[in-house]
Structure formats: structure tokens, C-alpha cells
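Working notes, structure below.
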Amino acid sequence: MDDVGLVPFGRGGERGLDARTLGTRGTQLETLAGLGLPVPAGVTVPVPNVPGLVSGVRTLAALELVEGLAGSTIGTFTGSAPGVLLLRLSASAPLEAAGLPPVLTGLGFDITSIPSDFEAHLAADLHHVWWQTASFVAEYALGVPGDLVSALGFDHADARDRVAPLLALCAAEGSGPWPAGPADQLTLAANAIAARWASPRAARARRNQSLPDDLPLALHLEAVHATAHESSGYGSATSRDLESGLFTPSGTFRRGIRGADEAGRAQRTLEELPGGVSLLTRVLAELEAQLRQVVTVDFEFQGEKIVLMGVEAMLRAPARALTSLAVDLAMRGITDEATAVAAVRPGHVLDLMFPRPRLNGSELLLVSGLPASPGASVGRIALTSDDAIDLADEGHTVVLMASETTPADLPGMVAAAAIVTSTGGSASHAAVVARGLGRPAVCGASALRVDIVNGTVTSGEITLSAGDVVSVDGDSGRVYVGEIEIRVPDPSLALTTVLQWADDARRLGVRANADTGADAALAISLGAEGIGLCRTEHQFMGDRLPLIRRVILAHDADTEARALAALADAQREDFRDLLRAVGDRPVTVRLLDAPMHEFLPATAAEAEDEHQAKLVEHMHESNPMLGVRGVRLALLHDGLYPAQVEALFTAWADIAASDGVRPQLEVMVPLVSIPAELIMTLRTMRRVNQEVATRTGTLVPFKVGTMVETPRAALMADKLAQYAEFLSFGTNDLTQLTYGFSRDDVERRLLGPYVERGLLDVSPFTELDEHGVGALMEIAVQRARSVRPDIKLGICGEHGGDAISVAYCERLGLDYVSCSPHRVPIARLAAAHAVLTP
15 MDDVGLVPFG RGGERGLDAR TLGTRGTQLE TLAGLGLPVP AGVTVPVPNV
65 PGLVSGVRTL AALELVEGLA GSTIGTFTGS APGVLLLRLS ASAPLEAAGL
115 PPVLTGLGFD ITSIPSDFEA HLAADLHHVW WQTASFVAEY ALGVPGDLVS
165 ALGFDHADAR DRVAPLLALC AAEGSGPWPA GPADQLTLAA NAIAARWASP
215 RAARARRNQS LPDDLPLALH LEAVHATAHE SSGYGSATSR DLESGLFTPS
265 GTFRRGIRGA DEAGRAQRTL EELPGGVSLL TRVLAELEAQ LRQVVTVDFE
315 FQGEKIVLMG VEAMLRAPAR ALTSLAVDLA MRGITDEATA VAAVRPGHVL
365 DLMFPRPRLN GSELLLVSGL PASPGASVGR IALTSDDAID LADEGHTVVL
415 MASETTPADL PGMVAAAAIV TSTGGSASHA AVVARGLGRP AVCGASALRV
465 DIVNGTVTSG EITLSAGDVV SVDGDSGRVY VGEIEIRVPD PSLALTTVLQ
515 WADDARRLGV RANADTGADA ALAISLGAEG IGLCRTEHQF MGDRLPLIRR
565 VILAHDADTE ARALAALADA QREDFRDLLR AVGDRPVTVR LLDAPMHEFL
615 PATAAEAEDE HQAKLVEHMH ESNPMLGVRG VRLALLHDGL YPAQVEALFT
665 AWADIAASDG VRPQLEVMVP LVSIPAELIM TLRTMRRVNQ EVATRTGTLV
715 PFKVGTMVET PRAALMADKL AQYAEFLSFG TNDLTQLTYG FSRDDVERRL
765 LGPYVERGLL DVSPFTELDE HGVGALMEIA VQRARSVRPD IKLGICGEHG
815 GDAISVAYCE RLGLDYVSCS PHRVPIARLA AAHAVLTP
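Take this note's numbering: the final residue in the sequence shown is number 852, and no numbers are missing along the way.
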């Protein structure tokens, strides 16, 4: 590097110097001075000129420059207004780095010449900062053994009592005595900093941070006015209240010299500093506008004069503060709406929308599993659905812990505040239901043993009983023993504003997966433009499970007909609630689709009669995810879909007549891989629609579509598009079938180790696999639009709430994404990001 001389604070920017030359602190001071804000009198010794200070060649020039800037002589004690001008030497690197040499404040004066009539506090501060400086220099520049210096500190509690012993130690054990003059002190201090930076300890610290071994330093030399204790001090201030996020500068200060002993020194609020609040409010507002971050400043004051020592952008500020800042800057015209939207990340939305644990390090971990649904909760353990209901009825918050859950467990899952299972993954019944309900969930906690008979859960050496308290963190997949503090979510007005701006920016539509009117109303309140997936099988959980079970297990036509009539009656009311909540928005209703084992009794013993028991045994499937489900089941039970469609169309006609709303109805056929499956089902729908029209006088307008959840469906998309007006990618199943993964089996046992070993970057069930699954989707999009250019395309798996997956859907040109209601705000923001930062 070229010789750039000594650079007074605030003069480097005009010369085009940056952190590579001035170090990070030098650039901070440039930022402050460039805004016309007060900075200390001082100079930066740039990286290429540090050897000149270490050798002493530039020492006198540096001292003279600092004295000129300060307008006073270094090291001269004044009596009329007791004080002295000190020197402070600090270092910074071109990159942010931990483990820098300490700041040396006790330079430039003769410690043996402090006037006896100096204020006691001021004299004590001078002795303390001198000891900190001189002991460091003695070890690293004069070669005094560090253990001798440390022993001296232990032997003398008062810094004043250490002066004579340290001076004697330097003379006896060091390469020379401690100098009295500022120039010699400064040269030694620069040597000490250089030696510390070259030490093995500092080298290890750089390696641990992946910093270059030869990372250089810039040095910063500044004047420090040490005056009467009550008229000077130091502190820090932050621009925003980190809880509310509002611009309300706050901070604290102490009297005396920065770096002196703080024991017994009161920490005061800014309101107690004359002129402090008004000045720092202006300063922090200007810095936020410049840096576009929540900021913290360090300052020092003398009387009512404040100087800024440095500024730090709070890169990990809480979500509430960052969101409020983004909106404030846009409202002030400093940035624009697009910049504000881009500044808020999906993780910030999670922080604001879901409960989060406040951990302090003392928590006792019970078990860890897969983070299946976000949020956190504390509650008493229930091991069955009935127990969960009973505990909730008694007024307790409940955590349902089970090996797995089934549709029959829905009432208990609704009653629970959190769900934990020892098996399954993020697509398991427990995970899907938990996300729909907005409950935190941990699944696949394989170390957990649930013993319903004895009423206990065990993990390792820990055994808990039903009724004991646990805490669940659905974001990390951890379950803790006992109660931990939970931060209650409180979405801010600023977040609402950002999401509205995101809606203006995005192209992708955002819908929600919702199975009931209540779910749909929640989703719409969170910004969903419609319902992208209503899973009609979820309407048969809990007490309604026998309705669908009787259809599947009917032993003759009459029994099946009665069962179908009961099913249609139940669904008709559900559909009315759903359609009423949706209003005139689009709603995609998927006809019944679930693996057979979710509907059937787990064992023959649970069947209603002997005949049903035999049927259960006969219908057992080795691989139910690939068995008789979806449209396949409906074509074997050819009254099933007509009953559902009749209930749906009748409900539509009813609410159109009673409420005057006309939902944009889309009926989706699941698990189609053969075009004829879709053709036969479409014929059924049209026939039933005519029958409903004959009875009600209303021919229901609807679109028909299908799920693309098998590779064959993706490859046959052009054939399907001849009949389907929309296609929805079921990315959960499509991922399973593309990889040949059984998600519940591999997510914990295989995908975790694969990610740890670098075989996969991330689970394909968390983030859409662009190269495999995405390639199939791309083929399907191209082929479908080649036949029907206006075909509507979307996804309805949980990938619809993942920001990276949403960005891929934007690049793919899909029309919408659909996700669980509580993830709708994340999808709205992610869809905007996909346009603003492609």
C-alpha cells in the first residue's frame, strides 16, 4: 500500500480511503464526521503507516497533529479547572474481528505527577487507566513476564498502590523503564499492540473466525479530556426500543473516564444527561437514515459537549425493530416501499407471528426431533386424545405426546396447545394438523418412549408422568422439562404495512390450505386471496371418523348408500361454512384423499363387528401411501365422489341463494396419473351438477382440475390439461415419489445424516428440490400450457410457505402458492421478494 500519511478523523472519505486503509473504526468515524456529527480530536494511522508509529518515526508528527486538533497540550495538568489531556490508542482491522488488542487510555501523562489536590474520583480514574495501559505495555513491549505483572495486580487491590511496584518491575525486569514523556509512551504502546496482534493467541483467534493470518491493523490516536468527575463521562445509546420497535432513543451513561473501574459507579439514564436526549435523538435519526439499520452509538461528554466515539449497525436487531425501521425510512422518503419490503425477511415474520421461547441456558432438554410446526408453548403432558380434552376442560394448557396421531385424535389435538410425536415427519398427520391449527409441533422425536399403560414418557435417563409440565419449541424441534418463558407474539402495525406493500409488489397469488370455515376465515384475515386446498378428508377426523369408515367397510349396496347419505349430510354443512367464509374468492376443494390406514381401525379388535374386522384385515396395505387412495378409492367405491360433489354443489347453491355470494369453485381430483381417471370423475361431476340444478334451480359454475403428485402426472400434463382447467402440484407427495422416499420413515433417520454429511444441502421436504422435483414441474408447466395456455397452475404443499421454494415458483411462472393459514404472511412477503430480488 502507498504511504497516505496520518488521517484526521473525518478526512479520509474525501481522499477515497476505506476500511482497507483506515480499519473499521476509522470508517465509522468517517461516517459520523461526514454527517457533520461531533467526533473526538484524533487521527487514524492507516494500515501502511503503522510500522512508522511502531518504530517511532511518526510519533512526534502524530502527537503534534492530535494536539493541534484538540487545541491543548497533551499531559499538562491544569489546576483552575482540574484536568489533563490524555491519549487513547486503539486498533481496528479492515474486517470486523474479535480478539483485537485492548484500548489503551492511560497514555500521555506522568503518573507520578498527578497534583495532590486533584478530585479524588478523577485521580482514581487516572491511576486505573494508567495501570491498565502500563501493565499491558510492560508485558508486550518491555518484555516483563506476564505472571509477574498479574501477581502485582493481585497483591495490590488499589491501582494507586500498584504504581511504584510496576515502575520498579519495568526497570528491573523489562528492557527499559516506563517513560514519562508522551512520545516514548506512544511508541511503546504501538509496539505492544503490534506484538499482541502477532502473538499465537491472536493468530488462533483469527483462524477461529476464518480471517486471514496476515490481517493488518490500523491504529487510532485520540485526545481524551479527563476532567472533574461530575462534568465528564461516557455511555451508549440505541435508536430503537427493542421490544416495541419504535424510534425512542434510549441509553445509559456513567461519570468518569471510559475504561476506569466502574465498581460503585452509578449507571444513569440519558434523561439525566443535560442536552443528551435531544442531541442523541438527532444523531441516531441521521445515522438510521444513513446506515438503514438500527444503530447504537458510543459517546463521551465533557460538560454539555458530546462527541461520538463510534457507531455500530445492529445487524441482529429484533424483528419488531427492523420492521418498524424499514417502514419509518420509507415513510420519511429516505427509501421506498420496495426497499422496505426487501429489508424484512421471512424469519422476521415468524418472530412476530409465532410464540418464541426465551432461553437462558439453564433449560433441561427432554428430547429433540423434527421442527414440524413453528411456535412455542408450555403445558401438562397428556398421552391420549381423551386425556388432553379432560385436562383442557379443567383449565390446564396441554401438550399431547404420542407415538403418532390419527384422524381419531383430532379432538385432543384441537384441545392441546402443542403436539409431540416420537414417529413421523413434517408431512405426518400430526405435523399437517398442527400447522393447520397453528400449534407448535415436534415430530420424529425417536428417543421418546410413550407408555400409555403406565402413564409415562421416557427419554434417556429422564422419565416424566402424565400431568407433568414440559415446554415445546416447534422451531428448533426441542422439548424441555418444566416451564420456560414464552414470548407472546404481537404483530405490529409496521408488519401489516410491509405486507400490504408486499401485496402490491408480488405477482404470485397467495392462497391457504384450509379445511373448515374457521380455518378459511383465519387465512383470509392473514391475507390469503382464497383457498388453494380444502382437504375434505380432514372433515372426517375425530367423532366423524365412523362416517367414512362405514363407507369403506360397507358389506352391501344398501349399507354403503346409507353411509354415503350420512357422509353427504355432514359435509353439506361443512361446505356451507367454508364457502360462506370464502365469499366470492376462489376456493379449491379436493375430493377425498388419504391413505387407507388413516381411516381404518388400526386392528381388527377396534372394528364394530366381526364382518368389519375381516374387511379391515383384508384391506390392510403394505404401502398405504401408494395404495388404494384418492381417485383410485373413489373409482372402486363409485358412490363416494358423487356424494361429496352433491354435498358441495348443494352447499354452493344454498349460500348463493341465502347470502348472495358466489365463490369461485374449483374441484380438484387427487392422485390422478391416468387421464381416464380424470375423465370419468369429470363426467360424474357434470351429471351430479345437473341433478342439483334440477332440484335447486342453480347450475353451479365450477372448474375441474387435478393434483400433480406423481411423476407420471407431471409427464402427462399435456394430456391432463385437455380436461383440467387447473393443475395444483402436491409437492409433498411429488417429492416422495420422485426420490422414492417414504417421508415419515426417512426424514429423521436418513435425511438428517444426509444433510450432516453433505449428501444433501437441505431436506427436500423443507425446500423444493429444483433439480429433480423442479425439473418435473417445469416439464408439466410447459406441456400443460402448450395445450391450454390459460391453465391455472399452483402448488399446495407446505413448500408454498417456504421462501426459497416460493422464489422458484415465481421463476417457474406459476400462478399461485398455497400454504397453511399461519404461513400466509410469510408467503406474501416471499412472493414479493421473488419479484424485487430475483
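Built from N, CA and C at the ideal position, the CB exists for glycine as well.
- Non-local beta-carbon contacts of asparagine 703 in its own chain, meaning distances under 8 Å to residues more than five positions away in sequence, involve Val659, Phe663, Leu713, Val714 and Phe716 in chain order.
- Listed in chain order, the non-local C-beta contacts of methionine 694 below 6 Å within the same chain number zero, local neighbours out to five positions each way being set aside.
- Going by DSSP, valine 596 is part of the alpha helix (DSSP H) stretching over 571-596.
- Only buried fits methionine 699, as 16 or more other CB atoms lie within 10 angstroms of its CB.
- Note on the stretch 80-119: whole beta strand (DSSP E) runs with a minimum of 3 residues are 97-106, in chain order.
- According to DSSP, glycine 324 shares a beta bridge with Asp312.
- Here valine 838 is actually not in contact with valine 820; their C-beta atoms are around 12 Å apart, not less than 8 Å.
- In summary, isoleucine 476 is exposed, with fewer than 16 beta-carbon neighbours lying within 10 Å of its beta-carbon over all protein chains present.
- About 18 Å separates the beta carbon of valine 151 from that of isoleucine 271, a gap too long to meet the 8 Å contact definition.
- In the structure shown, the three-state DSSP call for aspartate 489 is coil.
- Looking at the DSSP output, lysine 806 sits in a beta bridge with Phe740.
- Here the alpha carbon of cysteine 810 sits roughly 9 Å from the alpha carbon of methionine 721.
- Looking at the DSSP output, cysteine 548 bridges to Val603.
- In the displayed model, histidine 234 falls within a strand according to three-state DSSP.
- Glutamine 553 counts as buried, since no fewer than 16 other beta carbons sit within 10 angstroms of its beta carbon.
- As summarised for the stretch 780-838, the continuous alpha helix (DSSP H) elements at least 4 residues long and confined to that stretch are 787-801 and 817-826, given in chain order.
- With fewer than 16 other Cβ atoms from the protein chains shown falling within 10 Å of its own Cβ, glycine 190 counts as exposed.
- The stretch 118-126 and the stretch 192-203 touch, with three or more beta-carbon pairs separated by less than 8 Å.
- Setting aside the 5 residues that flank it on each side, aspartate 598 is surrounded in the same chain by Val675, Arg676, Pro677 and Gln678, each with a C-beta closer than 8 Å to its C-beta; the list follows chain order.
- At a Cβ-Cβ threshold of 8 Å, alanine 386 and alanine 444 count as neighbours.
- Valine 325 is positioned such that its CB atom lies no closer than 8 Å to that of valine 341.
- Cβ neighbours of alanine 274 within its own chain (closer than 7 Å, five residues either side excluded): Asp139, His142 and Val143.
- Looking at the DSSP output, phenylalanine 716 bridges to Leu679.
- Collapsing the DSSP output to three states places threonine 435 in a strand.
- Valine 565 is positioned such that its CB atom lies closer than 8 Å to that of histidine 651.
- Using a 10 angstroms sphere on the CB of threonine 708, the tally of other CB atoms stays under 16, which defines it as exposed.
- Just measuring C-alpha positions, the residue of Leu31, Pro22 and Ser460 sitting nearest proline 54 is Pro22.
- DSSP, reduced to helix, strand and coil, places arginine 282 within a strand of the structure shown.
- Bounds of the alpha helix (DSSP H) holding glutamate 300 are 290-305.
- Counting along the chain, aspartate 758 sits inside the alpha helix (DSSP H) bounded by residues 757-760.
- The beta carbon of arginine 449 sits closer than 6 Å to the beta carbons of Ser387 and Ser834 from its chain, once the five residues preceding and following it are set aside; these are given in chain order.
- Taking C-beta atoms as the reference points, proline 369 and glycine 389 count as a pair closer than 8 Å.
- DSSP lists Gln316 as the beta-bridge partner residues of lysine 319.
- Around the C-beta of asparagine 374, fewer than 16 other C-beta atoms lie within 10 Å, and the residue is accordingly described as exposed.
- For glutamate 680, the closest of Val291, Phe261, Asp673 and Ala738 by C-alpha to C-alpha distance is Ala738.
- If you draw a straight line from the Cα of arginine 520 to the Cα of glutamate 377, it comes to about 42 Å.
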